[in-house]
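In what follows, a single structure is set out as C-alpha cells and then discussed.
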Amino acid sequence: MENKKPKKRQLTSVKGMRDIIDDQYYQFQGFFEKAQEIALYYGFKPIETPIVEHEDVFTSSIGIGTDIIDKEMYTLKTKGGDHLALRPEHTAGIMRSYIENGMQALPQPVMFYSYGPVFRHDNPQKGRYRQFWQFDMDVIGSDKSILDALVIKTAWTILSEAGATNLSVEINSIGDKECRSGYIKELVSYYKKNINSLPAIDRERLKTNPLRILDSKEEKTIEINQNAPETLSHLCPSCKKHFKEVLEYLEETEIPYSINKCLVRGLSYYTRTVIEIVEEDKETGKKMTMTAGGRYDYLGKQLGSKKDVAAVGISIGVDRIVESSWFAKLSPRIIKKPKIYFIQLGFDAKLKSLNVIEILRKGKIPIAQSISKDNLGAQLATAEKLGMGYAIIFGQKEALEGSVIFRDMSNRSQETIKLPKLLEYIKKIT
RNA sequence: GUGCCUAUAGUGUAACGGUUAGCACUAGAGUUUGUGGAACUCUCAGUCUGGGUUCAAAUCCCAGUAGGCACCCCA
C-alpha cells in the first residue's frame with residue numbers, strides 16, 4: 015500500500031447538514047417528546063418508515079414538475095440497480111405503508127404521527143438545512159372535515175406548548191377534481207389576458223404550475239392577483255360544504271384563522287384544504303411558516319391503491335422551532351442533570367471508583383466526574399466551574415474503610431458517609 | 001439553480017504588499033504532599049483549497065469549497 019497522500023484533506027460535514035450536540039440534542043428530543051405526548055392525547059399512533067424509499071414513491075406522489083422532485087431530491091442508484099431516494103417528506107412513505115400493509119382493513123381513519131430527518135438538496139439559509147427534522151401527523155382513510163380541524167388543532171397545540179405565542183392559521187381550499195380543472199382554466203385565461211404585464215418568471219409558471227402564480231412575490235403579479243378569479247368562489251358544492259365545516263370547527267376551538275386566497279401548496283397531491291401555521295416575530299414582524307399541510311385525497315391512488323384513500327396531514331418544521339427565540343427549551347424527561355461531582359484521589363481510590371459510580375447509577379443518581387485526573391484541587395475547581403452543588407470525595411483513606419466524603423459545595427461543609435448508607439443519605443440531602 | 005457579503009490556532013481577534021503571522025481565552029502536561037473560581041512553567045495548534053500577479057501575498061486578482069443573507073422554492 016503506497017501512502018501517497020499529497021495533503022490531508024479536512025473532512026467536514028456535508029453542506030447543509032450539521033451535528034447536533036449536547037444541549038441542542040436535548041432540545042430536539044424535548045420537543046419530540048412533548049409533540050408525541052400531545053399527538054397521543056389526540057389519538058395518533060406512532061409509525062416509523064424507512065428514510066430511504068423507491069424513488070417512485072415520491073415522484074408519483076409529490077409530482078414531477080415540483081421543485082422538490084426536479085431539483086431537491088437526493089436520489090441514488092444502488093449496486094443492484096434500484097433507484098432510491100432519501101425522503102424529502104414523511105407523508106408519501108406513510109401512505110405507501112398504509113397501502114402496503116393493508117390498513118384499509120382497520121377501522122378508519124388510521125392516525126399516525128412520525129418524526130425524523132428529511133432531506134432536500136436546497137441552498138441552506140436561516141432555519142433551512144439539507145437534512146432537517148419534521149414532526150408529521152397524518153389521518154388516513156376518511157374525508158370528514160372534522161379531521162382537517164383535528165390536525166390543525168393538534169399542530170397548534172404542539173406549537174403553543176413549545177412556546178409560540180403569536181400563531182395564526184392561514185387556510186384556503188383549492189378544490190377537488192370536480193371543481194379544480196374548471197377553475198384553473200379560468201385562472202389561466204385570466205393570466206393570458208394580462209400576459210403583457212406578467213413578469214417573466216410567472217409566465218414560466220403559467221406553463222408549469224399556474225396555481226403557484228397566486229403566491230408569487232412579484233409586485234406586478236400581486237397587483238394582477240387582486241382581480242384574479244378566486245378559488246373559493248369556484249368550489250363545487252361538496253368542497254364548499256367541506257371548507258365551511260372546517261372553518262366552523264376552527265371557530266369552535268377558538269383558533270384564530272385567516273382565509274388566504276393566495277395560499278396554494280407546492281406539492282401536487284393536495285386537494286381541498288390547504289393550511290399553514292405561521293408565527294409572527296414580535297420584534298421584526300416577520301412571519302415564519304412553522305407548519306404546513308392539507309388534505310390529499312388522491313395520493314393513495316397515485317401510489318397504487320385501487321380505491322381512493324381520503325387523508326389529511328400536517329408537518330411541523332422542528333429546526334425552525336428549536337432555533338426560535340421563543341422556544342420553550344423543553345428538556346426530555348429521561349435526562350437528569352447531575353448535581354454531584356465525583357472526585358477520586360490516590361491509586362486505591364481510582365481503582366475502586368468505577369464501582370462507586372455503579373452504586374450511584376443503580377440508585378439513579380447522575381454524577382459528573384473527571385476520573386482521569388489525579389489532583390484534588392483541579393477536580394474541585396472543575397466541579398466549581400460546572401456549578402455542581404455537591405461533591406463526593408473518594409480518597410485513599412475512604413477507599414480502605416469503604417466510605418466517601420460528601421461535601422456541600424455552597425458552604426464547604428462535609429461529612430463522611432459509609433458506602434452502604436450513601437444512597438439513602440443523598441436522597442435525604444438533595 | 002441565481003445574486004450579494006464573508007473566510008487567520010478549538011473560540012475571539014491583530015498584522016501599510018515587506019522580519020520568525022502577534023495577542024487573549026480555551027485545551028493538555030506539570031509544580032504547590034488530601035480541599036475551591038488561583039499563580040507560575042511548559043506544550044499542542046492557524047492564514048479554507050487551487051491557480052495567477054509580484055523580487056515579495058494572510059493582504060491584490062480568478063476559480064473552487066464552506067458559511068451567512070436574500071431569491072427560486074419550501075418546513
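Residues 15 to 444 (our numbering) are what the first sequence spells out, left to right.
Every residue, glycine too, gets a C-beta built ideally from N, C-alpha and C.
The three-state secondary structure of HIS135, taken from DSSP, is coil. Under DSSP, PHE257 takes part in no beta bridge, so it has no partner. When DSSP reads this structure, ARG421 sits in a beta bridge with ALA405, GLN428. Of all alpha-carbon atoms in GLY57, LYS296, ALA405, PRO224, the one lying nearest the alpha-carbon of GLY391 is that of ALA405. Secondary structure note for THR222: its alpha helix (DSSP H) is the uninterrupted segment 214-222. Secondary-structure assignment with DSSP links TRP170 through no beta bridge to anything. If one requires a minimum length of 3 residues, the beta strand (DSSP E) runs lying completely within the stretch 65-123 are 66-68, 89-91, 97-100, in chain order. With contacts defined as CB atoms closer than 7 angstroms, THR305 and ILE335 fail to qualify as a contacting pair. With fewer than 16 other beta carbons inside 10 angstroms of its own, LEU365 counts as exposed. Runs of the beta strand (DSSP E) spanning 3 or more residues and lying entirely within the stretch 351-402 occur at 354-358, 381-383, in chain order. The Cβ neighbour count for ALA214, taken over all protein chains shown within 10 Å, is under 16; the residue is labelled exposed. Between the alpha carbons of ILE330 and ILE289 lies a gap of roughly 12 angstroms.
When the beta-carbon positions are compared, PRO131 and GLN122 stay at least 7 angstroms from each other. In the assembly as shown, ASP152 is a buried residue. Its beta-carbon has 16 or more other beta-carbons within 10 Å. Annotation for SER195: the continuous alpha helix (DSSP H) segment containing it runs 194-207. Assignment of ASN186 by DSSP, reduced to helix, strand and coil, places it in the strand class.
Taking the Cα positions, ARG421 is about 4 angstroms away from GLN428.
Taking a cut-off of 8 angstroms on C-beta distances, the stretch 379-396 does not touch the stretch 82-92, as fewer than three cross pairs fall below it.
Linking LYS350 to GLU415 through their CA atoms gives a straight-line distance of about 30 angstroms. In this structure, the beta-carbon distance from TYR355 to ALA397 falls below 7 angstroms. Relative to the Cα of PHE58, the nearest Cα in the group GLU262, ILE154, TYR263, GLU244 belongs to ILE154. Within a 10 Å sphere around the beta-carbon of SER159 sit 16 or more other beta-carbons, which makes this residue buried. Comparing alpha-carbon positions, the option among TYR112, ILE108, GLN139 lying closest to LYS29 turns out to be GLN139.
Within the same chain, and ignoring the five residues on either side of LYS206 in sequence, the residues whose Cβ sits closer than 8 angstroms to its Cβ are LEU220.
Taking TYR143 as the centre and dropping the five residues before and after it, the same chain places the C-beta of GLY30, MET31, ARG32, ASP333 closer than 8 angstroms to its C-beta, in chain order.
Judged by DSSP secondary structure, ILE440 falls within the alpha helix (DSSP H) whose first and last residues are 436-443. Residue pairing from DSSP places GLU290 in a beta bridge opposite GLU184, ALA306. About 6 angstroms separates the beta carbons of ARG286 and CYS253, which is inside the 8 angstroms limit, making them a contact pair. If you check the CB distance, LYS48 and GLU175 come in under 7 angstroms.
Excluding residues up to 5 positions away in sequence, ILE381 lie with their Cβ nearer than 7 angstroms to the Cβ of LEU374 in the same chain.
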